[in-house]
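Below is one structure, written out as structure tokens; comments come after it.
Residue numbers (UniProt numbering): 1 to 63.
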């Protein structure tokens, strides 16, 4: 789990990861993005921070 920016490469402190997605990828109001689909955590130089099971799950609700 990400909890510190101390080991991040220079320039990543303010944005440890980012992603873009198409809404067609959302199924049952959820989208899961594993480490290899997130910009920055997919790079081997960050694997000491973002372990193999790191990922992000977004849950959407209708408004």
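The beta carbon of each residue, even a glycine, is placed where N, CA and C say it ideally should be. Here the structure is a predicted model, which is why all the values come from computation and not from measurement.
If you draw a straight line from the Cα of residue 42 to the Cα of residue 18, it is about 11 Å long. Collapsing the DSSP output to three states places residue 36 in a helix. With a cutoff of 7 Å on beta-carbon distance, residue 55 and residue 30 are scored as not near each other.
Across the structure, residue 44 and residue 21 are spaced so that their CA atoms are roughly 22 Å apart.
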